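Colleague: Residue numbers (the UniProt record's numbering): 1 to 387. For glycine and all other residues, C-beta sits at the position ideal for the given N, C-alpha and C. Computed from a prediction, not measured in an experiment: that's the story for all the values here.
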Ligand SMILES: [Zn+2]
Ligand SMILES: [Zn+2]
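1. May I ask you to list the residues that DSSP assigns as paired with residue 159?
2. Name, in chain order, the residues that DSSP records as bridge partners for residue 340.
3. Can you determine whether any heavy atom of ligand 2 sits closer than 6 Å to the C-beta of residue 186, and answer yes or no?
4. Once the 5 residues before and after residue 345 are set aside, which same chain residues still bring their CB inside 8 Å of it?
5. So, using beta-carbon positions, are residue 80 and residue 95 closer together than 7 Å?
6. In angstroms with no decimal places, state the Cα-to-Cα distance between residue 29 and residue 161.
7. Measuring alpha carbon to alpha carbon, tell me which residue in 150, 196, 249 is nearest residue 220.
8. Can you tell me which residues form a DSSP beta bridge with residue 190?
9. Examine chain D for any beta-carbon lying closer than 7 Å to the beta-carbon of residue 171, and answer yes or no.
10. Using a threshold of 6 Å, is the CB atom of residue 162 nearer than that to any non-hydrogen atom of ligand 2?
11. Quick one: is the Cβ of residue 346 within less than 6 Å of any heavy atom of ligand 1?
12. Looking at residue 72: is its Cβ nearer than 7 Å to the Cβ of residue 138?
13. Give me every residue whose Cβ sits closer than 5 Å to any heavy atom of ligand 2, in chain order.
14. For residue 276, is the classification buried or exposed, using 16 other Cβ atoms within 10 angstroms of its Cβ as the cut-off for buried?
15. Helix or strand or just coil, what does DSSP make of residue 113?
16. Do residue 355 and residue 339 have their CB atoms nearer than 7 Å?
17. So, at 6 Å on beta carbons, what are the nonlocal neighbours of residue 8 in its own chain, with the 5 sequence-adjacent residues on each side left out?
18. Helix, strand or coil, according to DSSP, for residue 152 in the structure here?
19. Under the assumption that residue 117 contacts residue 101 (Cβ atoms under 8 Å), give the Cβ distance between them as a whole number of angstroms.
20. Is any non-hydrogen atom of ligand 1 found closer than 6 Å to the C-beta of residue 167, if you look at the structure I gave you?
21. Is DSSP giving residue 329 helix, strand or coil here?
22. Counting Cβ pairs, one atom from each stretch, are 3 or more of them under 8 Å apart for the stretch 278–290 and the stretch 300–312?
23. Out of curiosity, what's the CA-to-CA distance linking residue 49 and residue 169?
24. Please determine, among 149, 202, 163, the residue with the shortest C-alpha to C-alpha distance to residue 157.
25. Cutting at 6 Å between CB atoms, please list the residues of its own chain near residue 292, excluding the five before and the five after it.
26. Using the Cα positions of residue 273 and residue 66, report the straight-line distance between them to the nearest angstrom.
27. What did DSSP end up calling residue 238 once you bin it into helix, strand or coil?
28. Under 7 Å, do residue 332 and residue 369 count as touching if we go by C-beta distance?
29. Please report the straight-line C-alpha distance between residue 251 and residue 115, rounded to a whole angstrom.
30. So what's residue 195 in DSSP terms, helix, strand or just coil?
31. Can you give the Cα-Cα distance for residue 303 and residue 289, rounded to whole angstroms?
32. Between 78, 163, 244, 187, which lies nearest to residue 53 when the distance is taken from Cα to Cα?
33. So residue 195 packs on residue 172, CB below 8 Å; how close in whole Å?
34. Exposed or buried, residue 59, counting other C-beta atoms within 10 Å across all chains shown (16 or more means buried)?
35. Within 10 angstroms of its Cβ, does residue 61 collect 16 or more other Cβ (buried), or is it exposed?
36. For residue 175, count neighbouring C-beta atoms within 10 Å of its own C-beta (all shown protein chains included) and say buried if the count is 16 or more, exposed if not.
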């Protein structure tokens, strides 16, 4: 592995527009922004989330009651005639269309009771989980603000609202930045973005496979097999970027060739992978940059990332990818610099925080590490309650 980038790549890196553009207004940090076209409707008393459900036993999975109606209005979760305050739900998990609720009562807060709801589909299960998390985010923000009031430090309180899911994001201790990250819906959005940019930003997130910021799609890898004693289907679904989809699709096609039946599906997935690699819009060079970064073509990757950054002025996700290029080369100093620029674009971008903290430790940058962790101390409490 090459341990350092060569001089031509260094010159290219130094010419990248890494400072966030002055054209971006930082003053909108605390305002509500009109992102209707990209947002999810919040649950309120007037507009509750309604759903049908079947309740299953947490002991053996048998049906307790079926065909029931549920409703969540942001404060109360009504399961037929059974009403639960949202504050009593410690956390929740989704497995396909099953939603597992872990409910605490005041008499035994350390031993949550699990209730399992089977929803009509996966989407409604995720929407209900997100709505419960959004309500929890608002409670956490209120508690945090009350603590600051008691300590006489309420002037330090800062929050923003996710333009997509309306979660309350605590930003106390963090510097202002042009973008905001929501750990609840995994979106990274620009505050001053117009509707068109917001629509392009909405589907961007980290790939499950390579961890690069991209436009991943739901992608199922499957293998049909017919053996002498057994036949069947082995499948696994994940969110993958077009570069990872291409590689997986070719492997899947070759793996399914001997048993023919899986070939049409594999060809369809291959076509999806190539169609997804040619996006339009302001991030159109992002996927080619990721593909080149994956192939170790640093100059081509930097050139592609540069085009996106020049067009947008800032993008924590693109700079995060840039940092990963240097991490793959073993250039920790350059990777640290790029991660710091990532947090300048989006002060609460959690993936960059984790990576930068690791880099500071590896480089023995103790003062920088302590400063970073102090800035994140308020938000860490939020994350630990939302797991
Ligand atoms: Zn959100
Ligand atoms: Zn990927």
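Modeller: Short version:
1. 170
2. According to DSSP, residue 340 bridges with nothing at all.
3. no
4. 20, 177, 178, 179, 314, 315, 316, 319
5. no
6. Its pLDDT being 33, under 50, residue 29 is placed unreliably by the model, and nothing is read from it.
7. 249
8. 179
9. This model lacks chain D altogether, as it is built from one protein chain only.
10. no
11. no
12. no
13. 207, 209, 210, 241, 244
14. buried
15. strand
16. yes
17. none
18. coil
19. 7 Å
20. yes
21. helix
22. yes
23. 22 Å
24. 149
25. 300, 301
26. 40 Å
27. strand
28. no
29. 40 Å
30. helix
31. 8 Å
32. 78
33. At roughly 29 Å, the Cβ-Cβ gap does not stay under 8 Å, so residue 195 and residue 172 are not in contact.
34. exposed
35. exposed
36. exposed
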